[in-house]
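Last residue of the sequence shown: 404 (our numbering), numbering continuous.
Glycine included, each C-beta is placed from N, C-alpha and C at the ideal position.
Okay, structure first, notes after.
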Amino acid sequence: MIDQLLKQQMIIAESGSITLTDTKVKDEIKDNPIVSMKYSIEKVNKQWKNNYVYQLEISPLNDDNNDSQQFKWKMIKEIPAVLNQSNGTIEFGDEKDNLLEWNKKYSLRMRASFCLRNFFTTFSKSVTFDTPIPINLSQ
């Protein structure tokens, strides 16, 4: 029986919460949009305070409301926590395997992972944003 328990993947929920705010598409004109987002983490157990990573996940959304296409979450970035800092800004969208596209809608969520990714906070509330095609006024 113990062998069976050890073979199972276990995830232990940790205290703490993450809030995502101020999601903005940078107004640079590039082939793919770059997005910045502010985050803050609260009520993390003190023993993990400086030993965790943030896991950012994204899901593309479409307008046809097909449930099979909604919320296919994919981790796009892991960010090491900064010592004694519980908030900051993350930029994403230019990672080689995770390029964002213009004129699309996405949903984001984040959680913190502790102790070799065996302990996690719950995911933040998801945040939805658009990547409208930039208007080039110089033409």
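Kindly indicate which three-state DSSP category residue 284 falls into: helix, strand or coil? strand
What does the alpha-carbon distance come out to for the pair residue 376 and residue 283? 7 Å
On the DSSP bridge list, what partners appear for residue 352? 305
Pop quiz: residue 379 and residue 317 are said to be a contact at Cβ under 8 Å. What is the actual Cβ separation, rounded to whole angstroms? 5 Å
At what residues does the beta strand (DSSP E) containing residue 299 begin and finish? Premise fails: residue 299 is in no beta strand (DSSP E) and is neither H nor E.
Going by DSSP, name the residue or residues bridged to residue 343. 320
Tell me, please, which residues DSSP counts as bridged to residue 357. 300
Own chain partners of residue 352 with C-beta closer than 6 Å, once the 5 adjacent residues on each side are dropped: 305
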